Structures are given as C-alpha cells and as structure tokens.
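Protein sequences appear in the order of chains P and Z.
Under this note's numbering, residues 69 to 293 are what the first sequence spells out, in order.
Under this note's numbering, residues 733 to 939 are what the second sequence spells out, in order.
Virtual Cβ for every residue (Gly too), placed ideally from N, Cα, C.
For clarity, every value in this text was computed on a predicted model and none was experimentally measured.
All remarks here apply to the structure that follows.
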Amino acid sequence: MNSTLDTFETALLAELRREVAEHPAPAPARRRPLRRRLMLVAAGAVATAAATVVAVGLTGGGPTASPAFAVTSSADGSVSLAVYRLDDRAALEAALGEHGIDATVHFVSTEPGEVPPFEADGPFAEDAPGPQNSCGVDKSPGPALLLRDGGTDGLGANRPKPGDDLGVGGGYGLEFPADSVLFERPVTFYFGSPGSMTLVYPSSRPGEWCGQIQMSTAPREAEVR
Amino acid sequence: MVVRPPPSTPQSTPYDPLDRISRDPDALDAFYRDHVEAVQRFVARRVSDPHLAADLTADIFLAAVDSAASYDRSRGPVVAWLYGVGRNAIAAEARRRARELHAVRRIEGRRLVDGAALTRIEERLDAERASRRLHRAIAELPEADRALLELVSLDGLSIADAARVLGVKPATARVRLHRSRGRVTARLHETGATEVPDRALPVEVRP
Chain P
69 MNSTLDTFET
79 ALLAELRREV
89 AEHPAPAPAR
99 RRPLRRRLML
109 VAAGAVATAA
119 ATVVAVGLTG
129 GGPTASPAFA
139 VTSSADGSVS
149 LAVYRLDDRA
159 ALEAALGEHG
169 IDATVHFVST
179 EPGEVPPFEA
189 DGPFAEDAPG
199 PQNSCGVDKS
209 PGPALLLRDG
219 GTDGLGANRP
229 KPGDDLGVGG
239 GYGLEFPADS
249 VLFERPVTFY
259 FGSPGSMTLV
269 YPSSRPGEWC
279 GQIQMSTAPR
289 EAEVR
Chain Z
733 MVVRPPPSTP
743 QSTPYDPLDR
753 ISRDPDALDA
763 FYRDHVEAVQ
773 RFVARRVSDP
783 HLAADLTADI
793 FLAAVDSAAS
803 YDRSRGPVVA
813 WLYGVGRNAI
823 AAEARRRARE
833 LHAVRRIEGR
843 RLVDGAALTR
853 IEERLDAERA
863 SRRLHRAIAE
873 LPEADRALLE
883 LVSLDGLSIA
893 DAARVLGVKP
903 ATARVRLHRS
913 RGRVTARLHE
923 TGATEVPDRA
933 LPVEVRP
C-alpha cells in the first residue's frame, strides 16, 4: 500500500473518488448479464485448481463402481471430459459446472453413425474460422476438441483404457482448451450412440447459434500411450 | 460421488471482488494506493511527456473503474488485468492522436500536476529511459508478438499471466517470445544500444 501520495496522486485520487461517488456502477446482481455471471462461475472453478482437480461421477453403486464420467481441469486452464456410461445427467452437469462449463446435458438414443439432435431456437451462424468467428472457432476444430484414446492426457488415471466398458465417447474424450468460448457461454450437450455427440451454444451475435458435431467413426484403437 | 476442489483462499483486500471499485469510493481508494506506482511506471515505460503521462494515468484508472466487472480472477492477478486495461488506454490515446482528435477527457490528469509532482513524474520518466528504448524496439514487431513481449519483458508479467491477458495458450506465447527476442536483440544492437537489457530476454523462454 502506498500511503505517501504526492500532490498529483492525491488530486487524481480525489477526482476518481468523486467520479465513483457521483456515478456508481449499479450493484452486480441488477446489472451483470447472465454471460458475465457464468464466466465468474468458471473463474471460481478454475482458480481453485492448483494443479489438477478431478470430478468423477460414480453412481448406481458404491465407491468401487466404475465411474460414469470424468471431468478434469489442468493447470493450463483446459478441461477434459470423458463419458463412459449414460448415467446421472445431473451429476455430469454439476461436475462440468464446477469446472466452469455451464452445461445442459441430454442423453438421447441414436443409431451408430446418426447425429444426435442439432437444434436451436434460431439460425446457426455461418462464418469462416478466424479470430472474429462468432462461435469462437479460430481454427478447426473449434472450442471443443475430440480426442482419441491416449490423446486425453489431461485425464490422468481416469483416461479410458482398452477394455473399459465405454459407453458414449467410445474411448474418446473431449478437451476444452483454456481459451474455449464454452467457458463463457451456456452449452447444451446431446450424447447419443458411442462416440457421437453434439454441442449447441449461442453465437456472439444475438439470436444466432453455434453447433459442433463430434463423431467417432474410426474403430477404437487398442493402444494407449 | 463428486470430488470437490479445495475451497479457494482469496486474498482479502478491500477491493475484492474487484467490481467494488466502480461503486465504493473506499474500495477504489485502497485499489488506487496499491497500484498507482505500478501504473505510473507502466506509463513511463511508454511515453516521455510528463503531461501526457499524467493524462494517461488518469485514463487508465478511469478505464479500470469502468471495466472492473470484466476482471476474471482465473485469468491472473489484478495487476496483469490492469496492464491489459493500460494497453487499451494507451492504444486509444494513439488513435486519438492519429486522428488529431482532442476529445474532452473526463479527468484531465495534466491539470492536477504541480511543480513538485512534475519533478517526481520526470524522475520516473528518466528512470525508465532504457525501457522506452526497449519499447521502441519492441514496437517494430508484429502486433501479436509485440503485445506479448511488452507485457513479459517490459512490465514483468509471467508468461502464463501475459498469455491470459492476451487470450493465447502459454505454449503459443513461449514460441512467439522465442521468435521475438532474436528480432529485438538485433534491433537494439542496430540502434546502438551498448548492452541489451536482461529484460529483453525472458529467462522462462526456452527454444
């Protein structure tokens, strides 16, 4: 704390104090838009992840039951997700929320190779990848990366292994890079047949939407790095 | 079962959360006292005119008050965010001058400067002379590289914090810094700097 201000610093402080006293910003609860609030939730979740924090969904059994999903924050701010079984939507939403992703999760029944629902309350944004992309897609493939086995290093011990009874995800996981717009925008996940999921989230342009389809078409590789 | 992260232990300051500074004069007071020296040095590393320095100091604090709600603690310390605000304020000033606009400032910093304070501002400007030479060498880099090297070399942010301010990944930042430091070193030698400040060569950067 600098308690010995010179005349300029003292005069500037007085002007600033008067500015704030005369034009205070409204209290956050009344003014802050939803998106801002969501970002602060993300902030809380990520800031506490000193090194690596793992949320693992264990339902339908005691502590020895195999996890239904794993969500992991890495020190670099990225978050990884693997879903092993379509079990306990609410716990998965909560775990993603703790890691800064405001998620609504749907489990749907689809045939292999069929894309889960891809619907929104308005048109999908269409613009080329780049820094100005309204969906936060700077380069392909976008704000969530589909990773094959062995690519999901962030999951550590929770990484899918050959022989795991994998449901959705089919041995694949999603990684949300630290700069993903999904930490700032609410996202709806539809998990369908193994390896197929869609994500729908708002574009930065009001009224428009973004969608991402994740399909694993290749057979799972047995080898894990 | 969900394994919860450990509870956070936020530093207790009168301006936590930061958006208090935009409505509570006492929170602003504490924030100002903690950061006024850092902001003035940040400015002195970039401009050499004391009156402009006073204006910019006022601009940066006003911009901080206006955008305090944008501070996201997961993206680094307050001072890193404040340097981001400062960069924008200085860029706005450059645009203003480029258009030869003399917009009316909400707080005219230079009006608040008297003799003794002017001397202190000038001392700070003298102390940062070498930094300004570095700043000019950095100014010739492409914009994205420049912003990063400024924040790391000139302002002393960690690579991770600078990367967060600019929204790039730490790995990307390291690559850019490595590329930039060679160019800047060459440029400083060309302009006759006898020794290159250590700060031009961030130690965290590895090829």
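DSSP three-state assignment for residue i, whether helix, strand or coil
i: alanine 871 (chain Z); result: coil
i: glutamate 243 (chain P); result: strand
i: leucine 213 (chain P); result: strand
i: alanine 97 (chain P); result: The pLDDT assigned to alanine 97 (chain P) is 45, lower than 50, so where the model puts this residue is not dependable, and the model offers no usable value.
i: asparagine 820 (chain Z); result: helix
i: isoleucine 792 (chain Z); result: helix
i: isoleucine 839 (chain Z); result: coil
i: serine 754 (chain Z); result: helix
i: aspartate 804 (chain Z); result: coil
i: serine 272 (chain P); result: coil
i: leucine 154 (chain P); result: coil
CB contact flag (residue i, residue j, <8 Å)
i: proline 782 (chain Z); j: isoleucine 839 (chain Z); result: no
i: leucine 814 (chain Z); j: valine 768 (chain Z); result: no
i: isoleucine 753 (chain Z); j: leucine 788 (chain Z); result: no
i: arginine 878 (chain Z); j: alanine 871 (chain Z); result: yes
i: leucine 844 (chain Z); j: alanine 785 (chain Z); result: no
i: alanine 848 (chain Z); j: threonine 72 (chain P); result: no
i: valine 147 (chain P); j: phenylalanine 137 (chain P); result: no
i: glycine 816 (chain Z); j: valine 916 (chain Z); result: no
i: glycine 260 (chain P); j: proline 184 (chain P); result: yes
i: phenylalanine 244 (chain P); j: alanine 212 (chain P); result: yes
i: leucine 886 (chain Z); j: leucine 84 (chain P); result: no
i: serine 912 (chain Z); j: arginine 777 (chain Z); result: no
i: lysine 901 (chain Z); j: alanine 895 (chain Z); result: yes
i: alanine 79 (chain P); j: proline 757 (chain Z); result: no
i: serine 673 (chain Z); j: leucine 880 (chain Z); result: Lying before the first or after the last residue shown, residue 673 (chain Z) is absent from chain Z, which here runs from 733 to 939.
i: valine 810 (chain Z); j: tyrosine 803 (chain Z); result: yes
i: alanine 246 (chain P); j: aspartate 144 (chain P); result: yes
i: glycine 204 (chain P); j: serine 141 (chain P); result: no
Those residues which DSSP pairs with residue i across a bridge
i: histidine 783 (chain Z); result: For histidine 783 (chain Z), which the question treats as bridged, DSSP gives no partner whatsoever.
i: phenylalanine 76 (chain P); result: In DSSP, phenylalanine 76 (chain P) forms no bridge with anything.
i: glutamine 280 (chain P); result: P:Leu267
i: phenylalanine 259 (chain P); result: P:Phe175, P:Met265
i: glutamate 87 (chain P); result: Per DSSP, none; premise fails for glutamate 87 (chain P).
i: phenylalanine 251 (chain P); result: Answer by DSSP bridge pairing: none, since phenylalanine 251 (chain P) is not bridged.
i: phenylalanine 192 (chain P); result: P:Trp277
Selection from the options that minimises the alpha carbon distance to residue i
i: glycine 808 (chain Z); options: Z:Ala903, Z:Arg919, Z:Gly899; result: Z:Gly899
i: arginine 906 (chain Z); options: Z:Ala795, Z:Val797, Z:Leu873, Z:Ile891; result: Z:Ile891
i: phenylalanine 192 (chain P); options: P:Leu80, P:Pro270, P:Leu250; result: P:Pro270
i: tyrosine 258 (chain P); options: P:Gly165, P:Phe76, P:Ser141, P:Ala171; result: P:Ala171
i: valine 775 (chain Z); options: Z:Arg843, Z:Leu883, Z:His910; result: Z:Leu883
i: leucine 160 (chain P); options: P:Ser146, P:Val139, P:Ala212; result: P:Val139
i: asparagine 201 (chain P); options: P:Ala79, P:Trp277, P:Ala150; result: P:Trp277
i: leucine 794 (chain Z); options: Z:Ala812, Z:Gly818, Z:Val810; result: Z:Gly818
i: proline 92 (chain P); options: Z:Ala801, Z:Glu855, Z:Arg908; result: Z:Ala801
The alpha helix (DSSP H) enclosing residue i, as first and last residue numbers
i: histidine 167 (chain P); result: Here histidine 167 (chain P) belongs to no alpha helix (DSSP H), and DSSP marks it neither H nor E.
i: glutamate 855 (chain Z); result: 847-859
i: alanine 895 (chain Z); result: 891-898
i: aspartate 766 (chain Z); result: 757-776
i: threonine 917 (chain Z); result: 902-922
Residue i: CB within 7 Å of a non-hydrogen atom of the ligand NAP
i: phenylalanine 763 (chain Z); result: With respect to the ligand NAP, the structure shown offers nothing to examine, as it has no ligands at all.
Neighbouring residues, chain B, relative to residue i (Cβ below 8 Å)
i: threonine 140 (chain P); result: Going by chain labels, chain B is absent from the structure shown, which instead holds the protein chains P and Z.
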